[in-house]
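Some notes on the structure that comes next.
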Amino acid sequence: MKVLVTVKEVAEAADDFEIDGLDIAPEYLEYDLNEWDEYAVEAAVQLGEDGHADEVVSVTIGPERTEETIRMALAKGVDRAIRVWDDDIGGAGLLDVETKAELLEAVVAEEDPDLVLTGVQANDDGFGATGVTLAERIGFEWAAVVNDLELEDAVAKVHRELEGGVEEHTEVDLPAVLTIQTGINEPRYASLRGIRQAQSKEIAHQTLADLGLDASTVESPIGMTAMYEPETESDATIFEGDAEETAVKLASVLREKGVGAE
Amino acid sequence: MSVLAVADHRRGDLRDVSYELVTAGRELAEALGEELHVAVVSGDVESFAKDLSLDGVDTVHTVDHGEEFNHDVYVQAVEALDSALEPTVVLMPNSVNGLDYAPAVASSLGLPLVSDAVALEWDDGLTATREMYASKVETTVEVDADRVAVTVRGGEWEPTEDTGSPAVEAFDLTVDESRVRSRVTGFEEVAGGDVDISDADVLVSVGRGIEEEENLELVEELADALGATLSASRPIVDNGWLPKNRQVGQSGKVVTPDVYLAVGISGAVQHVAGMKGSDTIIAINTDPNAPIFDIADYGIVGDLFDVVPALTEQFR
Ligand SMILES: Cc1cc2nc3c(=O)[nH]c(=O)nc-3n(C[C@H](O)[C@H](O)[C@H](O)COP(=O)(O)OP(=O)(O)OC[C@H]3O[C@@H](n4cnc5c(N)ncnc54)[C@H](O)[C@@H]3O)c2cc1C
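First to last, the protein sequences are chains A and B.
Numbered according to the working numbering, the first sequence terminates at residue 262, and the numbering increases by one at each position without gaps.
Numbered according to the working numbering, the second sequence terminates at residue 316, and the numbering increases by one at each position without gaps.
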């Protein structure tokens, strides 16, 4: 069985940042592997180790810079990677869910996996919808927000984490797309050996043309028109001073509320 | 033409977001000059339809098929309702179950999808407000399409409570069982155990800002000094540093203590969902832009490794 795991490098904003046009100015952004994808990668690698998967392939949509992040997935045990990008994708602005799913669909068509794992959401744009959209496009069954996974014959037995400390037990026929929730496993650190081996693993670069697509794929009916810092509705009292001074002020508020009284 | 809102329910109860969807739907329907239709799929649809007979709703469509949520059934139901009603906007909840069917509905109907909207406006087309970068910024997106699918974040619209008198219509759905390829086999409560953080009057809650497991001692000492109970945000529990029954938030516990002291917690929407009802909220965070300060009553912009020991000292 072949497992395809989608990974995304996400940008995180520094504490103090500035917005330039329709995005945070690049000097205030730091890049990392999306938190949810770390768990998806770990789940995929474990399926390889358990003998369920013969091959684990990761796919990302991102510019050349992202290869560094993709190497981390390779260092943790993913066999090879595919990176989809070209100038048309780079110039398209915000990639909406359907667009991303269409790009991934073309990769699925080439790779023919039995199971696709994605993260529940990406921490930057937060759409939380790419995995299920992909499933619909490729005709796979799916489950969203999975925090436990067991494969048995052609069925994935999963737990879906619902609200309020309740989990739903669901059986999903394969082939399937599962969106993976944090906490499903303990993502490993890459070993030195893994990092060395990752250097020689393949990251295949694919353009729209390579995938049999063209620039119309990245034309989207959804366009971002503004980005701004939300107006805070906060009327919080912020205590000023060094740690000692602020602690004294906060302590007196707490005492007024009867906290810490013997 | 209409606005179609799909209600959310679980194990016999409508979820709060259903009443909020009605508000969001009514506002859009008014802006569009169209009707508001509400659909409820599976479960005790008759009784749900009574609860959904709310102000501004023109018609409630009941789809009586199965007890619990199954996304394959939901997708087919909304597809069929869509072809009967051709709604301008299909509104769905951004709940865990919403995440499990709304994207498939949008894709299968060829509708652009805006997920996790916190505000909506219709003026020639849909403009939605969304957050990005872990709630540090807001964005507006415009949708250039005649019809659109939207999922709505919970807690952003006032729930509609006033009753109305919509028509209630049973919608006849023939489910293609060959397209139902997943089965719910049961439910499990996972946050049990000896401590119930929702009983506590004072919670000291710790987040990823604590960095390492061995640093937890710092907040434990503070909690002890204050006579408070220790709780946490999700990453602390995901890392296995504290048990699941200590987790505050959407997938953990909802707490409403007199005092909630958030230490090194950013205030992600799923966290806030579990603690925004606290009487007094206090945040200690190095990032002045952390969303937790938006709902805090008191705050210290500072390093927890300095502030927490200093605060503990005050109560020794
Ligand atoms: C379906 C779903 C369900 C979820 N359910 C939950 C849930 O139930 N509960 C929950 O909590 N989350 C939940 N989440 C996760 C949520 O989105 C966030 O990822 C999580 O709440 C972040 O936790 P945090 O604030 O501790 O970490 P971060 O967001 O990483 O924030 C850490 C904070 O610490 C501050 N900090 C860092 N160093 C210091 C220092 N030295 N001193 C002071 N401050 C410092 C930083 O400025 C930052 O604001 C859920 C997500 C999804 C998708």
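Cβ atoms here follow ideal geometry from the backbone N, Cα and C, with glycine treated the same way.
Keep in mind it's a predicted model, so treat the numbers as computed, not measured.
Residue i to residue j span [Cα, whole Å]
i: Ser115 (chain B); j: Glu244 (chain A); result: 44 Å
i: Arg208 (chain B); j: Gly264 (chain B); result: 6 Å
i: Val41 (chain B); j: Leu134 (chain A); result: 24 Å
i: Val132 (chain A); j: Asp72 (chain B); result: 12 Å
i: Ala317 (chain B); j: Leu261 (chain B); result: The requested residue 317 (chain B) does not occur in the structure, where chain B is confined to residues 1 to 316.
i: Ala156 (chain A); j: Gly252 (chain B); result: 25 Å
i: Ala49 (chain B); j: Leu173 (chain B); result: 17 Å
i: Ile180 (chain A); j: Pro63 (chain A); result: 24 Å
i: Glu256 (chain A); j: Asp16 (chain B); result: 35 Å
i: Gly110 (chain B); j: Tyr101 (chain B); result: 14 Å
i: Ala143 (chain A); j: Glu211 (chain B); result: 32 Å
i: Gly277 (chain A); j: Met227 (chain A); result: What is shown of chain A runs 1 to 262, which leaves residue 277 (chain A) out entirely.
i: Glu9 (chain A); j: Leu32 (chain B); result: 39 Å
i: Glu55 (chain A); j: Asp79 (chain A); result: 6 Å
i: Glu68 (chain A); j: Ala43 (chain A); result: 21 Å
i: Val116 (chain A); j: Val177 (chain A); result: 5 Å
i: Val166 (chain A); j: Val6 (chain B); result: 22 Å
i: Ala122 (chain A); j: Ala128 (chain B); result: 19 Å
i: Gly260 (chain A); j: Asp242 (chain A); result: 22 Å
i: Ser287 (chain B); j: Asp124 (chain B); result: The sequence as given places Asp at residue 287 (chain B); Ser does not occur at that position. Roughly 39 Å between the two C-alpha positions.
i: Val150 (chain B); j: Asp238 (chain B); result: 30 Å
i: Asp176 (chain B); j: Pro175 (chain A); result: 19 Å
i: Val184 (chain B); j: Arg11 (chain B); result: 12 Å
i: Ala81 (chain A); j: Lys136 (chain B); result: 31 Å
i: Ala119 (chain B); j: Leu21 (chain B); result: 12 Å
i: Thr237 (chain A); j: Ser198 (chain B); result: 26 Å
i: Lys100 (chain A); j: Ala11 (chain A); result: 17 Å
i: Ala117 (chain B); j: Asn97 (chain B); result: 16 Å
i: Asp279 (chain B); j: Thr256 (chain B); result: 7 Å
i: Val190 (chain B); j: Gly183 (chain A); result: 13 Å
i: Gln197 (chain A); j: Gly90 (chain A); result: 30 Å
i: Glu163 (chain A); j: Gly274 (chain B); result: 10 Å
i: Val108 (chain A); j: Gln270 (chain B); result: 32 Å
i: Ala200 (chain B); j: Val254 (chain B); result: 11 Å
Where the beta strand (DSSP E) through residue i begins and ends
i: Ser205 (chain B); result: 202 to 206
i: Gln206 (chain A); result: 203 to 206
i: Asp112 (chain A); result: Taken as a continuous stretch (DSSP letters only), Asp112 (chain A) belongs to no beta strand (DSSP E), as it is neither H nor E.
i: Gly299 (chain B); result: 298 to 301
i: Ile184 (chain A); result: Element bounds for Ile184 (chain A): n/a, residue is neither H nor E.
i: Gly186 (chain B); result: 182 to 189
i: Arg160 (chain A); result: 155 to 161
i: Glu168 (chain A); result: 166 to 173
i: Glu311 (chain B); result: Residue identity differs from the one stated: residue 311 (chain B) is Leu in this sequence, not Glu. It is not in any beta strand (DSSP E) - Leu311 (chain B) instead sits in the alpha helix (DSSP H) that spans 304 to 314.
i: Asp32 (chain A); result: 29 to 33
i: Thr229 (chain B); result: 229 to 232
i: Met72 (chain A); result: Per DSSP, Met72 (chain A) belongs to no beta strand (DSSP E); it is in the alpha helix (DSSP H), 67 to 75.
i: Ser116 (chain B); result: Here the sequence assigns Asp to residue 116 (chain B), which means Ser is not the residue at that position. 113 to 117 is the extent of the beta strand (DSSP E) around Asp116 (chain B).
i: Val120 (chain A); result: No beta strand (DSSP E) contains Val120 (chain A), which DSSP labels as neither H nor E.
Residue interval of the alpha helix (DSSP H) (run including residue i)
i: Arg255 (chain A); result: 243 to 256
i: Pro93 (chain B); result: From DSSP, Pro93 (chain B) is part of no alpha helix (DSSP H) but of the beta strand (DSSP E) over 89 to 93.
i: Gly271 (chain B); result: Here residue 271 (chain B) is His; the residue named in the question, Gly, does not match the sequence. Element bounds for His271 (chain B): 269 to 272.
i: Asn97 (chain B); result: 96 to 109
i: Met227 (chain A); result: Premise fails: Met227 (chain A) lies in the beta strand (DSSP E), 222 to 228, not in any alpha helix (DSSP H).
i: Asp51 (chain B); result: 45 to 51
i: Arg137 (chain A); result: 130 to 138
Proximal chain E residues relative to residue i, where beta-carbon distance stays under 7 Å
i: Lys257 (chain A); result: Note that chain E does not occur in the displayed structure, where the protein chains are A and B.
Residue i CB to nearest heavy atom of ligand 3 below 7 Å
i: Phe305 (chain B); result: Looking at this structure, you won't find ligand 3 anywhere; what it does contain is ligand 1.
message: To be precise: take each residue of the segment 216 to 248 of chain A, compare its Cβ to all Cβ atoms of chain B, and keep it if any distance is under 7 Å. Which residues remain?
response: The residues in question are Pro221, Ile222, Gly223, Met224, Thr225, Ala226, Met227, Tyr228, Glu229, Pro230, Thr232, Glu233, Ser234, Ala236, Thr237, Ile238, Phe239, Ala243, Glu244, Thr246, Ala247, Val248.
query: Does the pairing of the segment 230 to 246 of chain B with the segment 295 to 304 of chain B give three or more beta-carbon distances under 8 Å?
result: Short answer: they don't touch.
message: Can you pull out the residues from the segment 77 to 97 of chain B whose beta carbon lies closer than 8 Å to at least one beta carbon of chain A?
response: For the segment 77 to 97 of chain B, the residues whose beta carbon sits under 8 Å from a beta carbon of chain A are, in order, Asn94, Ser95, Val96, Asn97.
Proximal residues, the segment 250 to 263 of chain B versus chain A, C-beta separation under 9 Å: Taking 9 Å as the upper bound on Cβ-Cβ separation, chain A lies near residues Gln250, Ser251, Gly252, Lys253, Val254, Asp258, Val259, Leu261 of the segment 250 to 263 of chain B.
query: Would the segment 74 to 91 of chain B and the segment 102 to 111 of chain B be scored as touching if the rule is three or more Cβ pairs under 8 Å?
result: As far as the Cβ criterion goes, the segment 74 to 91 of chain B touches the segment 102 to 111 of chain B, which means the pair count is three or higher.
field: Residues of the segment 50 to 69 of chain A whose Cβ lies closer than 7 Å to any Cβ of chain B, in chain order
entry: Correct list: empty, as no residue qualifies.
query: Touching or not, the segment 28 to 39 of chain A and the segment 64 to 74 of chain A, by the rule of three or more beta carbon pairs under 8 Å?
result: Here the segment 28 to 39 of chain A makes contact with the segment 64 to 74 of chain A; the two share three or more CB pairs at distances below 8 Å.
Residues in the segment 119 to 136 of chain A having any Cβ partner in chain B nearer than 9 Å: The residues in question are Val120, Gln121, Asn123, Asp124, Asp125, Gly126, Phe127, Gly128, Ala129, Thr130, Gly131, Val132, Thr133, Leu134, Ala135, Glu136.
field: Segment contact, 8 Å Cβ cut-off, at least three pairs: the segment 214 to 226 of chain A with the segment 125 to 144 of chain B
entry: Taking 8 Å as the limit for Cβ pairs, the verdict is that the segment 125 to 144 of chain B does touch the segment 214 to 226 of chain A.
task: Inspect the CB distances between the segment 150 to 162 of chain B and the segment 16 to 25 of chain B and report whether three or more fall short of 8 Å.
output: In the pairwise beta carbon analysis, the segment 150 to 162 of chain B is classified as touching the segment 16 to 25 of chain B: at least three pairs are separated by under 8 Å.
task: Answer yes if the segment 203 to 222 of chain A comes into contact with the segment 81 to 95 of chain A, meaning at least three C-beta pairs across the two stretches below 8 Å, and no otherwise.
output: Between the segment 81 to 95 of chain A and the segment 203 to 222 of chain A, the count of C-beta pairs closer than 8 Å reaches three or more; the two stretches touch.
Cβ pair count under 8 Å reaching 3, the segment 48 to 66 of chain B against the segment 162 to 181 of chain B: With a cut-off of 8 Å on Cβ pairs, the segment 48 to 66 of chain B is in contact with the segment 162 to 181 of chain B, counting three or more such pairs.
field: Contact list for the segment 107 to 119 of chain A against chain B, Cβ threshold 8 Å
entry: Near chain B, meaning a CB-to-CB distance below 8 Å, no residue of the segment 107 to 119 of chain A qualifies.
message: Output needed in chain order: residues of the segment 81 to 111 of chain A with a Cβ under 9 Å from some Cβ in chain B.
response: From the segment 81 to 111 of chain A, only Leu94, Asp96, Val97, Glu98, Ala101 have a Cβ closer than 9 Å to chain B.
Positions along the segment 213 to 244 of chain B whose CB lies within less than 9 Å of some CB in chain A: Residues of the segment 213 to 244 of chain B with a C-beta atom less than 9 Å from some C-beta of chain A are Ala225, Leu226, Gly227, Ala228, Arg234, Pro235, Val237, Asp238, Asn239, Gly240, Lys244, listed in chain order.
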